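Visitor:
There are 4 protein chains.
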Amino acid sequence: MNKEVENNKTESLAERRKAQILTAARHIFAQNGFQRTKIDQITAHLTIGKGTIYRYFTDKKSLFLAVFQQCLKDLRNTMQTTLEPIENPAERVKTAIKTFFGFFDNNPEFIEIAMQARSEFKEDHIRMGHAFQEFQIGKIQENLKNGIEIGVFRQMDTAKTAESISAALNGILMFYYCHGSTEKNDQPTQNPMGTLTERAETVTALLLDGLLKR
Amino acid sequence: MNKEVENNKTESLAERRKAQILTAARHIFAQNGFQRTKIDQITAHLTIGKGTIYRYFTDKKSLFLAVFQQCLKDLRNTMQTTLEPIENPAERVKTAIKTFFGFFDNNPEFIEIAMQARSEFKEDHIRMGHAFQEFQIGKIQENLKNGIEIGVFRQMDTAKTAESISAALNGILMFYYCHGSTEKNDQPTQNPMGTLTERAETVTALLLDGLLKR
Amino acid sequence: MNKEVENNKTESLAERRKAQILTAARHIFAQNGFQRTKIDQITAHLTIGKGTIYRYFTDKKSLFLAVFQQCLKDLRNTMQTTLEPIENPAERVKTAIKTFFGFFDNNPEFIEIAMQARSEFKEDHIRMGHAFQEFQIGKIQENLKNGIEIGVFRQMDTAKTAESISAALNGILMFYYCHGSTEKNDQPTQNPMGTLTERAETVTALLLDGLLKR
Amino acid sequence: MNKEVENNKTESLAERRKAQILTAARHIFAQNGFQRTKIDQITAHLTIGKGTIYRYFTDKKSLFLAVFQQCLKDLRNTMQTTLEPIENPAERVKTAIKTFFGFFDNNPEFIEIAMQARSEFKEDHIRMGHAFQEFQIGKIQENLKNGIEIGVFRQMDTAKTAESISAALNGILMFYYCHGSTEKNDQPTQNPMGTLTERAETVTALLLDGLLKR
DNA sequence: AATGAATGAGTGTTCATTCAT
DNA sequence: AATGAATGAACACTCATTCAT
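Chains as they are written, first to last, in the numbering used here: chain A, 27 to 240; chain B, 27 to 240; chain C, 27 to 240; chain D, 27 to 240.
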């Protein structure tokens with residue numbers, strides 16, 4: 027029993043340390059990009075020795091990808107948890123957009139991480155990002171089919187439309203992000219265009235109603 | 027006069043040389059990304075001396091940004107030329123989407139360049155990209171207003187909607203690009219998802235009609 | 027008395043531990059060389075903690091030199107024990123060569139250790155090796171003198187000749203070793219040239235008879 | 027013609043630079059060993075930039091092996107040139123020993139280089155050293171056969187004996203070298219035991235006459 | 001006594017940039 | 001104008017050693 031306790035302690039210490047490193051790395055990678063981030067910056071920020079990072083991550087790249095992975099996991103969890111109880115298709119669209127945008131309002135660093143990932147590690151990004159995208163598109167398509175069946179949505183190619191919606195949301199996300207946070211500084215990303223959540227309504231209207239007059 | 031002629035010649039030679047460098051740089055930057063591209067690769071591809079590049083461009087960064095600038099200019103020209111004669115708002119939306127996507131089908135390198143630019147030079151990307159985005163958004167908003175006036179488009183916040191449309195288009199673009207070209211190789215980007223142009227119709231439908239049944 | 031017993035126990039435990047470390051270290055140093063051997067490899071092989079090694083040896087270098095020292099001691103003991111009872115000078119030469127070569131057939135790791143020692147720690151190697159060499163040369167010279175006195179050996183400069191013989195034996199040893207074991211692997215050094223013992227006769231003939239016809 | 031001259035100049039400059047680096051590297055590698063030698067030491071000694079070395083050699087290892095290779099070439103040339111005109115087998119043995127030892131009196135650094143090579147790069151050492159050893163052994167065996175035919179040398183297994191002689195010579199070489207140059211300093215290796223050349227006679231006598239009285 | 005997490009000095013290598021020719 | 005040899009700052013990563021537990 028004593029040993030168990032000790033094991034738990036040790037494990038949790040190691041886990042905690044790993045988490046600390048991931049957090050610090052996320053901040054600094056997001057701020058400076060992968061290449062401009064020096065391992066020393068991360069260790070300095072944590073006031074730990076350089077070698078410690080290498081106890082927990084093979085190299086700089088795998089540290090970065092671990093950060094990316096974690097972000098993806100967080101996003102998926104958030105979406106899943108929020109949407110689970112909602113049934114009405116139009117409502118799901120609305121909530122999904124709000125949740126999606128809200129997540130990035132709360133985790134602005136993720137967007138930067140994701141773009142860095144794509145830029146520096148195309149292959150890994152695609153491999154890891156794909157899983158999420160497919161999950162996202164699947165959920166959207168399912169919802170579209172549902173909506174058509176109930177007669178709420180018009181007839182359409184659900185596969186292609188789901189893809190386009192997923193793409194559009196990601197694009198809007200990037201757009202607002204790119205135009206918002208100019209600072210490479212230390213200010214918590216204060217977007218002069220307002221939060222993404224504020225834009226959710228416009229996007230929802232666009233996706234649900236389109237441009238044409240009824 | 028003789029001197030003038032000489033100047034012209036010299037200038038045009040210099041311009042030609044500059045253009046050669048830009049072209050080679052675009053290929054290689056697009057293929058390998060900014061960081062992985064070595065100045066030597068570019069000079070080797072052109073079979074010129076390393077120093078020559080530095081006669082025409084201050085440093086690696088400014089060479090890259092010149093490539094980016096040129097791409098933006100090409101895009102703007104293409105859009106302007108194609109849309110100028112079209113008056114009908116819905117038709118303009120349709121043609122704009124087709125032209126926009128068509129441009130990137132023909133210049134797949136540009137997408138990579140643009141993403142690299144954002145990733146490596148946030149500030150410069152925003153500064154340079156802004157000009158184009160604002161131009162694009164302005165045109166869209168103008169068209170939306172026109173459409174509303176004529177009674178073709180529904181009432182809406184034209185500013186916000188124009189932004190969202192611009193964002194969505196860029197996003198769809200990136201989405202298809204990211205999912206298509208896995209290869210870091212030398213194959214001319216052959217997208218397994220098909221061309222962007224093929225997707226234009228779906229997007230046009232989504233934007234014009236929305237998701238809801240009429 | 028109780029305490030004495032305890033001391034003895036402790037001492038012998040410590041000695042045993044030290045011996046274990048030396049043995050493991052010899053294997054691994056011999057296999058990978060001094061530089062390529064990591065302290066972690068040794069502790070992993072013994073499944074002990076890294077710190078434990080530092081309780082018994084000041085540092086990596088002194089651990090290595092202890093291994094070398096031990097090898098030298100073993101060799102000296104073997105030679106002394108075997109040659110003690112033999113009196114006939116020519117017979118001593120013959121037996122010495124056989125024993126010397128036989129020792130290294132049984133302890134192939136020692137050769138590698140010795141060469142590593144010389145390569146990495148010239149000074150220490152010389153200091154420690156000298157003692158053995160001088161002991162060896164002394165024995166040879168003594169034997170040469172004996173042989174000359176009895177009229178079995180020809181007249182010669184016994185000092186120089188003893189040195190040359192010692193040198194020649196060491197050289198032959200290294201030669202066969204270098205040419206035999208190509209593998210950096212884990213196979214117990216299996217020399218494709220055959221054992222040293224098999225060569226002893228040729229060497230004995232060379233040293234006793236020379237090349238010239240009688 | 028002008029171009030040819032220029033090419034020659036350029037080529038010779040590059041060759042000269044390469045030679046300069048090799049020479050400096052030989053000194054420093056011989057003095058400190060492979061691992062303890064820092065690239066910076068070599069560049070500092072030459073007062074050139076660190077990068078320059080990497081223009082001429084792929085990495086530290088290949089620089090070292092180039093040094094080793096060059097030494098082997100020099101030795102082979104020296105032996106071949108000196109022995110070519112000599113026909114009498116016994117005379118050839120005598121001259122070979124003198125030349126061999128003389129070479130190392132003039133190039134004491136080579137021994138160190140060779141031992142380092144074996145220690146750090148077993149495989150490469152064997153591959154490169156083999157060529158020379160086999161050349162050397164072949165020449166010795168040829169000479170032994172000749173001597174037996176003429177009736178100057180006794181009957182023997184020429185293959186094994188040639189090997190043993192080669193090994194013995196190399197061993198004597200190492201022995202004298204190891205015992206001579208204790209200094210890790212900058213003094214040109216001043217061997218307190220005297221030159222190898224001075225020992226050649228003793229070795230010649232040992233090999234030709236053996237130990238036994240006639 | 002034993003452990004193994006933490007450390008950080010140390011170094012090979014890269015590559016944008018310069019400048020003598 | 002063009003060249004490309006030379007440069008050297010910069011940085012990821014290793015591993016012997018320490019020391020709190």
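Virtual Cβ for every residue (Gly too), placed ideally from N, Cα, C. What you are looking at is a predicted structure, and each value in this text was computed from that prediction instead of being measured.
#1: Around the C-beta of E138 (chain B), are 16 or more other C-beta atoms found within 10 angstroms, so that it is buried, or is it exposed?
#2: When the cut-off is 8 Å and only beta carbons count, does N133 (chain A) lie next to chain B?
#3: Between N103 (chain D) and F161 (chain D), what straight-line distance do the alpha-carbon atoms span, to the nearest angstrom?
#4: Check whether the Cβ atoms of G173 (chain B) and A116 (chain B) lie closer than 8 Å to each other.
#5: Evaluate the contact criterion for the stretch 186 to 197 of chain A versus the stretch 150 to 167 of chain B: three or more CB pairs, one atom per stretch, below 8 Å.
#6: Beta-carbon of G164 (chain B) versus every beta-carbon of chain A: anything under 8 Å?
#7: Does the CB of L91 (chain D) have a neighbour CB from chain C at under 8 Å?
#8: Between the stretch 63 to 71 of chain A and the stretch 145 to 157 of chain A, do at least 3 Cβ pairs fall closer than 8 Å?
#9: Can you pull out the residues from the stretch 70 to 100 of chain D whose beta carbon lies closer than 7 Å to at least one beta carbon of chain C?
#10: Under the three-state reduction of DSSP, which class applies to E227 (chain B): helix, strand or coil?
#11: So the candidates are C:F60, C:A40, C:I112, C:A140; which of them puts its Cα closest to the Cα of T78 (chain C)?
#12: Could you check what DSSP says for F147 (chain B) in three-state terms: helix, strand or coil?
#13: Exposed or buried, which one is N80 (chain C) when buried takes at least 16 other CB atoms within 10 Å?
#14: Along the stretch 103 to 137 of chain A, where does the CB come closer than 8 Å to a CB of chain B? Name the residues.
#15: With 8 Å as the C-beta to C-beta threshold (strictly closer), list the residues of the stretch 189 to 200 of chain C near chain D in chain order.
#16: Restricting to Cα atoms, I'd like to know which of C:K64, C:F136, C:R43, C:F129 is closest to F94 (chain C).
#17: Rounding to the nearest angstrom, what Cα-Cα distance links Y82 (chain B) and Q61 (chain B) in this structure?
#18: Return yes when the Cβ of F130 (chain D) is within less than 8 Å of the Cβ of L222 (chain D), no when it is not.
#19: Are any of the Cβ atoms in chain A nearer than 8 Å to that of T228 (chain B)?
#20: Where does the unbroken alpha helix (DSSP H) through A117 (chain B) begin, and where does it stop?
#21: What span of residues does the alpha helix (DSSP H) with I68 (chain D) cover, start to end?
#22: Confirm, please, whether the CB-CB distance from V229 (chain C) to S190 (chain D) is below 8 Å.
#23: With a cut-off of 8 Å, does the C-beta of M154 (chain B) fall near any C-beta of chain A?
#24: Can you tell which of A:T125, A:N133, A:Q181 has the C-alpha that lies nearest to the C-alpha of E110 (chain A)?
#25: Count the other CB atoms within 10 Å of the CB of T63 (chain B); is the residue buried (16 or more) or exposed (fewer)?
#26: I want to see whether chain B comes within less than 8 Å of L232 (chain A), judged by CB atoms only; does it?
#27: Under 8 Å between the Cβ atoms of D150 (chain B) and L101 (chain B)?
#28: When you compare only the Cα positions, how much space is there between K186 (chain A) and S192 (chain A)?
#29: Would S145 (chain D) pass as an interface residue toward chain C - the criterion being a Cβ-Cβ separation below 8 Å?
#30: Would you give the residue range spanned by the alpha helix (DSSP H) that T104 (chain B) belongs to?
#31: By the three-class DSSP mapping on this structure, what secondary structure does F83 (chain D) have?
#32: When you compare only the Cα positions, how much space is there between Y203 (chain C) and E113 (chain C)?
#33: Does the CB of D183 (chain B) have a neighbour CB from chain A at under 8 Å?
#34: Quick one: Cα of E18 (chain C) to Cα of K76 (chain C), how far?
#35: Assign I112 (chain B) to one of three DSSP states: helix, strand, or coil.
Guide: From the atom records:
#1: Buried.
#2: For N133 (chain A), the answer is no, since every Cβ of chain B falls outside 8 Å of its Cβ.
#3: Looking at the two C-alpha atoms, the distance is approximately 12 Å.
#4: Against a cut-off of 8 Å, the Cβ pair of A116 (chain B) and G173 (chain B) comes out as a contact.
#5: The stretch 186 to 197 of chain A is not in contact with the stretch 150 to 167 of chain B.
#6: Not closer than 8 Å to any Cβ of chain A, the Cβ of G164 (chain B) fails to qualify, so no.
#7: For L91 (chain D), not one C-beta of chain C is nearer than 8 Å to its own C-beta.
#8: No, because fewer than three Cβ pairs between the stretch 63 to 71 of chain A and the stretch 145 to 157 of chain A fall closer than 8 Å, the two stretches do not touch.
#9: Taking 7 Å as the Cβ-Cβ cut-off against chain C, none of the residues of the stretch 70 to 100 of chain D qualify.
#10: It is helical.
#11: Ranking the options by Cα distance to T78 (chain C), first place goes to C:A40.
#12: It is coil, neither helix nor strand.
#13: Per the sequence shown, the amino acid found at residue 80 (chain C) is Tyr instead of Asn. Counting every other CB atom within 10 Å of its CB across the protein chains shown gives Y80 (chain C) a total below 16, marking it as exposed.
#14: So the close ones are A116, V119.
#15: From the stretch 189 to 200 of chain C, only E189, S190, I191, S192, A193, A194, L195, N196, G197, I198, L199, M200 have a Cβ closer than 8 Å to chain D.
#16: For the options C:K64, C:F136, C:R43, C:F129, the alpha carbon positioned closest to that of F94 (chain C) is the one of C:F136.
#17: Answer to the nearest angstrom: the Cα atoms are 20 Å apart.
#18: Result yes, Cβ atoms of L222 (chain D) and F130 (chain D) sit closer than 8 Å.
#19: Taking Cβ atoms only, chain A reaches closer than 8 Å to T228 (chain B), which makes this a yes.
#20: Here the sequence assigns Glu to residue 117 (chain B), which means Ala is not the residue at that position. DSSP places E117 (chain B) inside the alpha helix (DSSP H), whose first and last residues are 115 to 132.
#21: In the DSSP annotation of this structure, the continuous segment of the alpha helix (DSSP H) that includes I68 (chain D) starts and ends at 65 to 72.
#22: Less than 8 Å divides the Cβ of S190 (chain D) from the Cβ of V229 (chain C).
#23: Interface annotation, M154 (chain B): not in contact with chain A, CB-CB separation never under 8 Å.
#24: Residue A:T125 is the option with its Cα nearest to E110 (chain A).
#25: By the neighbour-count rule (16 or more Cβ atoms within 10 Å), T63 (chain B) is buried.
#26: Among the CB atoms of chain B, one or more fall inside 8 Å of the CB of L232 (chain A).
#27: The answer is no: Cβ separation not under 8 Å.
#28: For K186 (chain A) and S192 (chain A), the distance between alpha carbons rounds to 10 Å.
#29: For S145 (chain D), at least one C-beta of chain C is nearer than 8 Å to its own C-beta.
#30: Counting along the chain, the alpha helix (DSSP H) containing T104 (chain B) begins and ends at 86 to 109.
#31: In the displayed model, F83 (chain D) falls within coil according to three-state DSSP, outside both helix and strand.
#32: One C-alpha to the other measures close to 30 Å.
#33: Yes - at least one Cβ of chain A is within 8 Å of the one on D183 (chain B).
#34: Only positions 27 to 240 of chain C appear in this structure, which leaves residue 18 (chain C) out of reach.
#35: Of the three classes helix, strand and coil, the one that applies to I112 (chain B) here is coil, per DSSP.
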